[in-house]
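Remarks on the structure that follows.
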Amino acid sequence: KWVFGFQPSTRGLQEDGLSSPSTYHDPEPTTHLSPQLRSQTPVAMSGRIQSVRPTPAHIPSKSKAPSTPSRITNNNNTSNNNNNNNKNNNHKIVTTSDPRAKTILKEAVDAVVNSFAKHTQGYGRVNVVEALQEFWQMKQARGADLKNGALVIYESVPSSSPPYVCYVTLPGGSCFGSFQSCPTKAEARRSAAKIALMNSVFNEHPSRKILDDFIEKAVADARASFKGDPEEADNPSTGIGAFRFMLEANKGKTMLEFQELMTVFQLLHWNGSLKAMRERQCSRQEVVAHYSNRALDDDMRSQMALDWIAREQESPGIIGRELNQAERELEAARMAGRELRFPKEKKDILMLASSQVNAALHDTLS
Numbered sequence: 001k002w003v004f005g006f007q008p009s010t011r012g013l014q015e016d017g018l019s020s021p022s023t024y025h026d027p028e029p030t031t032h033l034s035p036q037l038r039s040q041t042p043v044a045m046s047g048r049i050q051s052v053r054p055t056p057a058h059i060p061s062k063s064k065a066p067s068t069p070s071r072i073t074n075n076n077n078t079s080n081n082n083n084n085n086n087k088n089n090n091h092k093i094v095t096t097s098d099p100r101a102k103t104i105l106k107e108a109v110d111a112v113v114n115s116f117a118k119h120t121q122g123y124g125r126v127n128v129v130e131a132l133q134e135f136w137q138m139k140q141a142r143g144a145d146l147k148n149g150a151l152v153i154y155e156s157v158p159s160s161s162p163p164y165v166c167y168v169t170l171p172g173g174s175c176f177g178s179f180q181s182c183p184t185k186a187e188a189r190r191s192a193a194k195i196a197l198m199n200s201v202f203n204e205h206p207s208r209k210i211l212d213d214f215i216e217k218a219v220a221d222a223r224a225s226f227k228g229d230p231e232e233a234d235n236p237s238t239g240i241g242a243f244r245f246m247l248e249a250n251k252g253k254t255m256l257e258f259q260e261l262m263t264v265f266q267l268l269h270w271n272g273s274l275k276a277m278r279e280r281q282c283s284r285q286e287v288v289a290h291y292s293n294r295a296l297d298d299d300m301r302s303q304m305a306l307d308w309i310a311r312e313q314e315s316p317g318i319i320g321r322e323l324n325q326a327e328r329e330l331e332a333a334r335m336a337g338r339e340l341r342f343p344k345e346k347k348d349i350l351m352l353a354s355s356q357v358n359a360a361l362h363d364t365l366s
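This is the structure:
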């Protein structure tokens with residue numbers, strides 16, 4: 001099996017056949033904070049590369065798609081599945097419920113935002129929404145390779161009452177959410193912009209850039225975690241070799257700019273597509289080369305949703321269970337201020353599949 005993602009679980013790495021670095025330490029990325037705050041800053045906020053998905057306990061096998069249209073129309077207003085009665089959850093999700101931890105996280109974010117304001121304007125409070133957009137426009141003007149431009153995209157979760165939730169997707173694919181309990185939609189947007197701006201600033205540290213030294217260390221750590229042969233790193237037919245190929249193809253980018261490609265391969269693994277391609281004798285290098293040029297768009301989400309519709313026909317209730325799990329992962333990541341593109345995309349794909357299953361059931365009954 002192939003895995004493209006950062007994860008600390010040795011067991012998962014051994015099962016999947018491809019490992020990657022679990023954690024890199026930036027030398028004191030929070031030096032602008034007080035010593036007490038620095039020592040208590042949550043890991044997600046300390047400038048380290050975080051695991052962006054848990055090790056899956058089960059990867060469903062690839063199934064033939066049912067007799068449904070080859071393209072699904074994405075309805076953004078589909079209702080959430082709020083069934084939280086899944087007792088067979090294989091992952092224990094820990095949320096940031098400790099008030100002290102929440103306070104520390106807020107102080108860390110505010111410190112970075114205020115520091116950014118001081119160095120860019122020199123006075124007063126900064127409009128974080130405008131500052132975040134200007135930050136990425138500045139990166140583009142300085143030559144950053146942003147395929148989809150410097151546009152920062154906000155997405156508010158439909159709700160008629162507080163607390164309101166907002167997500168922000170950065171150029172390159174990284175996604176963050178409002179990490180506070182927000183009484184207004186505007187406050188939710190500002191909260192999401194704050195955490196995204198903080199990570200964008202930390203992302204400029206040299207240790208976050210994919211250069212030769214970074215690649216060598218990442219591959220060495222991957223090989224050490226998997227206890228692989230040193231020669232595997234130069235062989236594109238191996239998992240570690242494919243990982244090196246991905247990094248070298250994105251040399252010069254930062255980890256935030258690399259995020260969308262990472263998410264694509266995480267979704268392909270979660271969806272069972274990588275396993276299916278391996279069974280069709282597709283080489284890892286061919287798969288990486290192909291998907292490196294594909295955007296994570298509605299067409300890709302629709303195709304993955306079709307796979308889950310097929311699984312639902314074979315195993316009724318599987319979409320609901322996966323959706324509950326994805327919602328818990330997303331909420332935990334959001335409240336902890338972590339990057340959350342992977343669980344958010346999982347939820348969106350499963351919501352799309354669920355809406356189509358429910359629509360087909362309604363048509364059958366009527």
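Its first residue numbered 1, the sequence shown is counted upward by one per residue in full-length UniProt numbering. Cβ coordinates follow ideal geometry from the N, Cα and C atoms, glycine included. None of the values given here were measured: they were computed from a predicted structure.
Distance, residue j Cα to residue i Cα
i, j, result
"Gln325", "Glu257", "27 Å"
"Ala305", "Leu352", "6 Å"
"His58", "Gly241", "Confidence at His58 is low in this model, with a pLDDT of 33, below 50, so its placement is unreliable and no value can be given for it."
"Tyr291", "Glu260", "11 Å"
"Ile319", "Arg311", "8 Å"
"Leu146", "Lys139", "9 Å"
"Met255", "Ile309", "33 Å"
"Asp297", "Val168", "16 Å"
"Glu327", "Lys344", "8 Å"
"Glu159", "Arg189", "Looking at the sequence itself, residue 159 is Ser, so the reference to Glu does not match. Rounded to whole angstroms, Ser159 to Arg189 spans 14 Å at the Cα level."
"Phe176", "Ala276", "31 Å"
"Gly272", "Arg278", "10 Å"
"Tyr154", "Gln133", "11 Å"
"Leu361", "Ser315", "15 Å"
"Phe135", "Gly173", "15 Å"
"Trp270", "Phe243", "17 Å"
"Gly149", "Glu248", "22 Å"
"Gln7", "Asn203", "With a pLDDT of 34 at Gln7, under the threshold of 50, the modelled position of this residue cannot be trusted; read the value that follows with caution. Between Gln7 and Asn203, the C-alpha separation is close to 19 Å."
"Val165", "Ala359", "27 Å"
CB-CB length for residue i against residue j, believed under 8 Å
i, j, result
"Asn151", "Pro171", "Residue identity differs from the one stated: residue 151 is Leu in this sequence, not Asn. Yes, Leu151 and Pro171 are in contact; Cβ-Cβ is about 7 Å, under 8 Å."
"Gln285", "Phe245", "6 Å"
"Val126", "Ala193", "About 10 Å; that fails the 8 Å criterion."
"Gly252", "Ile210", "7 Å"
"Pro162", "Pro183", "5 Å"
"Leu340", "Leu330", "6 Å"
Opposing strand residues paired with residue i [DSSP bridges]
i, result
"Phe176", "Val168"
"Ile153", "Thr169"
"Thr254", "Lys209"
Three-state secondary structure (DSSP) of residue i
i, result
"Ser292", "coil"
"residue 372", "For the chain, the structure presents residues 1 to 366; residue 372 sits outside this window and is missing."
"Glu204", "coil"
"Thr184", "coil"
"Met351", "helix"
"Ala220", "helix"
"Gly272", "coil"
"Arg284", "helix"
"Gly241", "helix"
"Ala144", "coil"
"Asn127", "coil"
"Pro162", "coil"
Alpha helix (DSSP H) runs contained entirely in the stretch 305-341, provided each spans 4 or more residues: 318-335
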